[in-house]
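Chains as they are written, first to last, in the numbering used here: chain A, 3 to 470; chain B, 3 to 470. Let me begin by presenting the structure, written as C-alpha cells, before commenting on it.
Number of protein chains: 2
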Amino acid sequence: MRDKLLPDMATALREAGLADGMTISFHHHMRNGDHVLNAVLAEAAKQGVKNLTLLSSSIFPVHAPLIEHIKNGVVTELDTNYMSGPVAAAVSRGLLEKPVMFRSHGGRPRAIREGSRVIDIAFVAAPTVDPMGNISGSLGPAACGSLGYAVPDAECAKTVIAVTDNLIDTTLESVSIPHDRVTHVVKMDSIGDPKGIVSGSTSMTRDPVALAIARKAQAAIRASGLLKDGFNFQTGAGGASLATAQYLREDMIRMKLKGGFLLGGITKYLVDMLEEGLFDSIYDVQCFDLAAVESIRKNAAHHEISADTYASPRQKSCCVDFLDTVLLGASEIDVNFNVNVHTDSNGMIIGGSGGHNDAAAGAAMTIIVAPLIRARLPIVVDRCTTITTPGNTVDVLVTERGIAVNPARPDLADRFRDAKLDVYSIEELRAMALKIAGEPRKVEFTDRIVGTVEYRDGTIIDSLRAPA
Amino acid sequence: MRDKLLPDMATALREAGLADGMTISFHHHMRNGDHVLNAVLAEAAKQGVKNLTLLSSSIFPVHAPLIEHIKNGVVTELDTNYMSGPVAAAVSRGLLEKPVMFRSHGGRPRAIREGSRVIDIAFVAAPTVDPMGNISGSLGPAACGSLGYAVPDAECAKTVIAVTDNLIDTTLESVSIPHDRVTHVVKMDSIGDPKGIVSGSTSMTRDPVALAIARKAQAAIRASGLLKDGFNFQTGAGGASLATAQYLREDMIRMKLKGGFLLGGITKYLVDMLEEGLFDSIYDVQCFDLAAVESIRKNAAHHEISADTYASPRQKSCCVDFLDTVLLGASEIDVNFNVNVHTDSNGMIIGGSGGHNDAAAGAAMTIIVAPLIRARLPIVVDRCTTITTPGNTVDVLVTERGIAVNPARPDLADRFRDAKLDVYSIEELRAMALKIAGEPRKVEFTDRIVGTVEYRDGTIIDSLRAPA
Numbered sequence: 003m004r005d006k007l008l009p010d011m012a013t014a015l016r017e018a019g020l021a022d023g024m025t026i027s028f029h030h031h032m033r034n035g036d037h038v039l040n041a042v043l044a045e046a047a048k049q050g051v052k053n054l055t056l057l058s059s060s061i062f063p064v065h066a067p068l069i070e071h072i073k074n075g076v077v078t079e080l081d082t083n084y085m086s087g088p089v090a091a092a093v094s095r096g097l098l099e100k101p102v103m104f105r106s107h108g109g110r111p112r113a114i115r116e117g118s119r120v121i122d123i124a125f126v127a128a129p130t131v132d133p134m135g136n137i138s139g140s141l142g143p144a145a146c147g148s149l150g151y152a153v154p155d156a157e158c159a160k161t162v163i164a165v166t167d168n169l170i171d172t173t174l175e176s177v178s179i180p181h182d183r184v185t186h187v188v189k190m191d192s193i194g195d196p197k198g199i200v201s202g203s204t205s206m207t208r209d210p211v212a213l214a215i216a217r218k219a220q221a222a223i224r225a226s227g228l229l230k231d232g233f234n235f236q237t238g239a240g241g242a243s244l245a246t247a248q249y250l251r252e253d254m255i256r257m258k259l260k261g262g263f264l265l266g267g268i269t270k271y272l273v274d275m276l277e278e279g280l281f282d283s284i285y286d287v288q289c290f291d292l293a294a295v296e297s298i299r300k301n302a303a304h305h306e307i308s309a310d311t312y313a314s315p316r317q318k319s320c321c322v323d324f325l326d327t328v329l330l331g332a333s334e335i336d337v338n339f340n341v342n343v344h345t346d347s348n349g350m351i352i353g354g355s356g357g358h359n360d361a362a363a364g365a366a367m368t369i370i371v372a373p374l375i376r377a378r379l380p381i382v383v384d385r386c387t388t389i390t391t392p393g394n395t396v397d398v399l400v401t402e403r404g405i406a407v408n409p410a411r412p413d414l415a416d417r418f419r420d421a422k423l424d425v426y427s428i429e430e431l432r433a434m435a436l437k438i439a440g441e442p443r444k445v446e447f448t449d450r451i452v453g454t455v456e457y458r459d460g461t462i463i464d465s466l467r468a469p470a
Numbered sequence: 003m004r005d006k007l008l009p010d011m012a013t014a015l016r017e018a019g020l021a022d023g024m025t026i027s028f029h030h031h032m033r034n035g036d037h038v039l040n041a042v043l044a045e046a047a048k049q050g051v052k053n054l055t056l057l058s059s060s061i062f063p064v065h066a067p068l069i070e071h072i073k074n075g076v077v078t079e080l081d082t083n084y085m086s087g088p089v090a091a092a093v094s095r096g097l098l099e100k101p102v103m104f105r106s107h108g109g110r111p112r113a114i115r116e117g118s119r120v121i122d123i124a125f126v127a128a129p130t131v132d133p134m135g136n137i138s139g140s141l142g143p144a145a146c147g148s149l150g151y152a153v154p155d156a157e158c159a160k161t162v163i164a165v166t167d168n169l170i171d172t173t174l175e176s177v178s179i180p181h182d183r184v185t186h187v188v189k190m191d192s193i194g195d196p197k198g199i200v201s202g203s204t205s206m207t208r209d210p211v212a213l214a215i216a217r218k219a220q221a222a223i224r225a226s227g228l229l230k231d232g233f234n235f236q237t238g239a240g241g242a243s244l245a246t247a248q249y250l251r252e253d254m255i256r257m258k259l260k261g262g263f264l265l266g267g268i269t270k271y272l273v274d275m276l277e278e279g280l281f282d283s284i285y286d287v288q289c290f291d292l293a294a295v296e297s298i299r300k301n302a303a304h305h306e307i308s309a310d311t312y313a314s315p316r317q318k319s320c321c322v323d324f325l326d327t328v329l330l331g332a333s334e335i336d337v338n339f340n341v342n343v344h345t346d347s348n349g350m351i352i353g354g355s356g357g358h359n360d361a362a363a364g365a366a367m368t369i370i371v372a373p374l375i376r377a378r379l380p381i382v383v384d385r386c387t388t389i390t391t392p393g394n395t396v397d398v399l400v401t402e403r404g405i406a407v408n409p410a411r412p413d414l415a416d417r418f419r420d421a422k423l424d425v426y427s428i429e430e431l432r433a434m435a436l437k438i439a440g441e442p443r444k445v446e447f448t449d450r451i452v453g454t455v456e457y458r459d460g461t462i463i464d465s466l467r468a469p470a
C-alpha cells in the first residue's frame with residue numbers, strides 16, 4: 003500500500019521538488035471560491051521560490067494576492083484562458099514583464115498534450131480523495147462537480163498534488179480523476195468557499211432587453227432548420243442565453259423533439275431539460291450551480307468530460323464539433339463578425355476566450371447574443387479592440403433591435419428572411435447603434451504589449467496593449 | 003456534425019492510410035470469440051499490405067488465420083502479452099523470423115505511452131457506438147464489459163478505427179472510450195461470438211487437489227495479518243484461486259470485514275462479494291463472464307479502468323500497487339521463486355504474463371497457488387524454462403502438500419508457523435515432488451530465439467527458444 007498523504011503544503015512542495023523557473027498548473031472549478039492557488043503561492047513565496055510560470059485555466063478576483071507574488075518575482079509568467087478582477091486589471095496596466103499567454107479551453111489541453119507547455123507540478127483542488135488518491139469532484143464540503151479542466155494537467159504533469167479538505171477511508175464510488183494520475187495528497191482546512199464555487203441558483207433574467215434578444219434568438223434557431231431530433235446545444239449562463247434556452251425548451255416540448263446533448267458550463271436550466279427527457283445527455287466540463295453538482299452525482303446521463311473531450315482540436319473529435327447551435331456573448335463584435343470577449347471598452351482585460359472560440363469553430367451555427375448598446379456604447383464596432391474569435395466562425399448576431407447574418411452564410415439569411423425575421427446587414431446594425439449612442443471616444447493604447455491571444459489551434463491571432 | 007462512419011473495412015483501411023511496415027493494434031476483450039483481428043488482416047492481405055507489426059494485447063486460438071498472414075509476409079512482427087492456440091504453437095516452432103515481444107498488461111501501456119511502441123492504427127472492437135463515435139463495451143450483441151486494455155491504444159494511436167456491429171441513434175449513457183479518441187467507425191455483421199467472449203458462467207471446481215490448495219491459501223491469508231478492513235484482493239479465474247476467494251468470502255462474513263477493492267479479470271464470484279457488501283469497489287480491466295458484464299452495467303461501484311490504471315509502472319500509481327494479496331498460477335516455479343507462465347513442460351508457448359508480473363510486483367503478498375505435481379510433472383523446478391515473474395516479487399507458494407515462503411519474507415514464515423501451517427522450504431517441496439513423480443526428462447532446445455520477455459518496467463528478463 004503506497005501512502006501518498008503528506009503532512010502539509012510545505013512538505014508537498016519540497017517532496018515535489020518545486021524550484022525556480024518551474025511551470026505549475028491550476029484549474030478553475032473552485033472559481034471565485036478557490037483557496038488552493040493562493041495557498042500554494044504563499045508557501046512557494048515563503049520557501050523563496052522565484053520565476054514560476056503559472057498555468058491556470060482561469061484567474062478570478064479571489065486570486066488578488068497573485069499581484070504581490072508577481073511584484074516579488076515569485077511568478078513571472080501567466081498562461082490562462084480567462085482572467086477577471088484585480089489581477090486582470092493590474093496585468094492590463096503592465097504588471098507583468100512578459101505578456102500573458104491567453105488560450106482557449108480547447109487550446110490549453112492541446113498545448114499541454116503536444117508538449118508546448120510542460121507542467122512540472124499540477125495542483126488539483128480535490129473535493130474528495132480516497133486512500134489510493136482517487137479524486138471525486140462531486141462529494142465533500144467543496145463539491146464542484148466536474149473536474150474536466152484538470153484532466154490534461156493530471157495526465158501530463160511530472161508531479162500531481164491533490165489538495166483536499168475531505169479525505170475518506172473507503173474507495174470512491176464516483177471518480178473524476180483516477181489515482182494513477184496522483185503523486186501526492188495534501189490536506190488543507192478548506193480548499194474552497196462553496197459560495198464562490200457555485201452561484202447557488204441562477205435566476206432567470208427579467209431584463210426586457212435580454213428577453214427581447216432571447217425571443218429573436220429562439221426565432222432564429224427555429225428558422226435555421228437545425229432544431230430537430232438529435233439537436234446538440236451549448237449555451238452560457240448569461241441572461242439572454244439562459245432565457246433563450248428556456249424558450250427553446252418550450253419549443254421542444256411543443257414540437258415533441260428529443261435533443262442529443264447539452265454542453266458547456268452546466269446550470270439548473272440545462273439539468274431540468276435533461277431530467278424532463280428533452281435531451282439524451284449532458285457533457286459537463288464545469289458545473290455552474292448546485293443543481294448541476296447534484297445532477298452529475300445522480301444522473302448517469304450527466305457525463306463528466308475532460309477539457310480535451312470538450313474542445314481540444316488535437317483530439318480525433320471534440321464535443322464542440324457536434325454542436326448544432328451555440329449561444330455566445332460579446333463585449334464587441336466588428337463588421338467582419340470578429341468577436342472580443344477579452345477586453346472592455348476601456349481596453350482593460352475583463353475575461354478571455356474560455357470556450358468561446360472553440361464552440362464557435364465547432365458549431366453548425368454560432369449565434370452571438372448581445373444588446374445593440376451596452377453602457378451607452380455600441381456593441382458593433384468597425385474593428386474589435388481584441389480578437390478572441392475570428393469572424394469566419396461566427397454566423398449570426400442577435401440583438402434586441404435585429405439580426406445580422408455573416409455574408410458567408412447566405413443559406414441562413416435566406417431561411418431567416420423566409421421566416422420574416424428582421425434581418426439587417428451588420429453595417430446597418432452598426433449604423434443603428436451609432437445613431438442612438440453616437441461615436442464613442444477612441445481608447446488610446448501605449449506600446450506596451452501585455453497579452454498574446456492564441457487561437458485554439460496554436461496560431462497567434464492578436465495581442466493586447468496597455469491602455470494609455 | 004462530423005460523420006465518422008465509413009461504408010466498409012476496405013474503405014476504413016484506405017482512409018486510415020494502412021501501408022507496409024505499419025504498427026497496428028488490437029485488444030483482447032473479445033477473447034476467443036474475436037472476429038475483428040481476422041477481418042482486418044484478411045482485408046490488409048487483400049490490399050497487398052506487407053510487413054505489419056501486430057500489437058495485440060493477447061492472441062487466442064480463434065486467431066489461427068494469422069499463421070497464413072505471417073507465412074505470406076503480411077505480418078512480420080508480433081508484440082503481445084499472452085498467446086495460446088495454433089499461433090502460439092507455430093511461433094514456438096519458429097514461424098516468425100523476429101522473436102515475439104512478450105510484455106505484461108502493465109508493460110504494454112507503459113511502452114505505448116512512453117513512445118517505444120508507436121501505433122499507426124488502433125482497431126477497437128466496439129460493442130456499441132453512438133453517432134459521435136463514443137464507445138460502450140457493456141451494451142450490444144457482443145457486449146464484453148470493460149474495454150480497459152484498449153484505452154492506451156485509443157489515446158495514443160495516430161488513427162483509431164472503432165469496429166462495431168451495433169450503431170445506435172442516441173448518445174450513449176455509459177461510455178468506455180469517448181469519441182475524442184475515435185477517428186473512424188466501421189460496421190461488421192458481428193464483431194465477436196458471445197460464446198467465445200465470455201465463459202457464460204464459471205462453475206466452482208470440485209477437484210479435491212484444487213480445494214485442498216484453496217484451504218491452505220485461505221489459512222495463509224488469514225495468518226498473514228493482511229485480512230482486515232480495507233483488504234484489497236486480486237485473483238484469477240483458475241479453480242484453486244476461485245475456491246480460495248469463496249473461502250475468504252466466508253471468513254469475511256464471519257469476521258464482519260469490509261474489503262476495499264477487487265481487481266483483475268472479473269467473475270461472478272467477485273461480483274457477488276461486491277453485491278453482498280463485502281468490498282467497496284471492483285476495478286475491472288476485463289470481464290470474464292456474463293455476470294461481470296451485467297454488473298459493470300448496473301453497479302456504480304464496479305468501475306471500468308484502463309490498463310494504465312490497472313498495472314502500468316509508468317503511472318503515478320497503479321491499482322496493483324495497493325493490493326494486499328494476489329493469487330496467481332504457475333506452470334513452473336523454481337527454487338528461487340521465479341515463476342513461468344509462458345511455456346509448458348515441452349517448452350511450447352502456452353500463455354504469457356498478462357498481469358502476472360504486474361500484480362506480483364505490486365501486492366503486499368503474492369501467493370502462487372499450484373498443485374505440487376501436474377500431469378505427472380513436478381511444478382517446483384531447479385530453474386524455470388522461462389522467467390515470467392522474478393522470484394523477488396513472489397512471496398509464497400501454496401500447494402496441496404504444503405506451503406513454501408520466500409526466504410526474503412521471514413515475517414510471513416513466522417506468522418504461518420505461529421498459525422501451525424505446514425511450512426516447508428521450497429527445496430523440501432521440490433524434493434517431495436521429485437520423490438513422487440521422479441526427475442522429468444529434460445526438454446532440449448534449439449538455438450532459434452522465438453520470443454523475448456520484457457518485464458513490466460522495460461527490462462528484458464528472458465528469451466524463449468524453439469524446442470528441439
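Using N, Cα and C, we set each Cβ at its ideal position, and we do this for glycine too.
- DSSP lists GLY261(B) as the beta-bridge partner residues of PHE281(B).
- Contact of ASP413(B) with chain A by beta-carbon distance below 7 Å is absent, the smallest such distance being about 15 Å.
- Apart from sequence neighbours up to five positions away, the residues of its chain that approach LEU97(B) with a beta-carbon distance below 6 Å are ILE72, ordered along the chain.
- Judged by their CB atoms, VAL165(A) and VAL200(A) are not nearer to each other than the 8 Å cut-off.
- In the DSSP secondary-structure assignment, LYS189(A) is bridged to THR166(A).
- The Cβ-Cβ distance between SER118(A) and THR82(A) does not fall below 8 Å.
- With fewer than 16 other CB atoms across the displayed protein chains lying within 10 angstroms of its CB, ASN394(A) is exposed.
- If one requires a minimum length of 4 residues, the alpha helix (DSSP H) runs lying completely within the stretch 188-261 of chain A are 196-199, 210-226 and 241-257, in chain order.
- Counting of Cβ neighbours within 10 angstroms places ILE268(A) among the buried residues, the total reaching 16 or more.
- When DSSP states are grouped into helix, strand and coil, VAL295(B) belongs to the helix group.
- Pairing LYS52(B) with ASP22(B), the inter-Cα distance amounts to about 5 Å.
- LYS318(B) belongs to the set of residues whose beta carbon lies under 8 Å from a beta carbon in chain A.
- About 6 Å separates the Cβ atoms of VAL287(B) and ILE307(B), confirming a contact at the 8 Å cut-off.
- In this structure THR13(A) is exposed. Its beta-carbon is surrounded by fewer than 16 other beta-carbon atoms within 10 angstroms.
- CA-to-CA, the gap between ASP459(A) and GLY357(A) works out to about 13 Å.
- Pairing ILE369(B) with THR401(B) gives a Cβ-Cβ distance that is not under 8 Å.
- Inclusion of ILE179(A) and ILE137(A) in the CB contact set at 8 Å is warranted, their separation being smaller than that value.
- Sequence-ordered contacts of the stretch 167-182 of chain B with chain A read ASP171, THR172, THR173, LEU174, GLU175, SER176, VAL177, PRO180, HIS181 and ASP182 [C-beta pairs closer than 9 Å].
- Residue state for LEU54(B) is assigned as strand, using DSSP reduced to three classes.
- Apart from sequence neighbours up to five positions away, the residues of its chain that approach VAL77(B) with a beta-carbon distance below 6 Å are LEU54, LEU56 and HIS71, ordered along the chain.
- Judged by DSSP secondary structure, PHE28(B) falls within the beta strand (DSSP E) whose first and last residues are 25-28.
- Around the CB of GLY440(A), fewer than 16 other CB atoms lie within 10 Å, so the residue is classed as exposed.
- Counted as a single uninterrupted DSSP element, the alpha helix (DSSP H) harbouring SER94(B) occupies residues 88-94.
- The Cβ of ALA332(A) sits no closer than 8 Å to any Cβ of chain B.
- Close CB contacts of ALA145(A) within its chain, under the 6 Å cut and outside five residues either way in sequence, are with PRO129 and VAL295 (chain order).
- Here PRO380(A) is bridged, per DSSP, to ILE375(A).
- Taking C-beta separations shorter than 6 Å and ignoring five residues to either side along the sequence, the partners of SER347(B) in its chain run LEU379, following chain order.
- Under the criterion of beta carbons closer than 8 Å, LEU330(B) and GLY227(B) do not qualify as touching, at roughly 20 Å.
- ARG403(A) has its alpha-carbon roughly 9 Å from the corresponding atom of ALA435(A).
- Segment contact: the stretch 318-326 of chain B against the stretch 336-346 of chain B, fewer than three CB-CB distances shorter than 8 Å; contact not assigned.
- For VAL162(B), the chain A residues whose Cβ falls inside 7 Å of its Cβ are LYS318, in order along the chain.
- The DSSP-derived three-state label of TYR151(A) is helix.
- Between ILE352(B) and THR345(B) a beta carbon distance of about 6 Å is seen, short of the 8 Å cut, so the two are scored as contacting.
- Distances from the alpha-carbon of LEU43(B) to those of ARG33(B), ASN408(B) and ILE69(B) put ILE69(B) closest.
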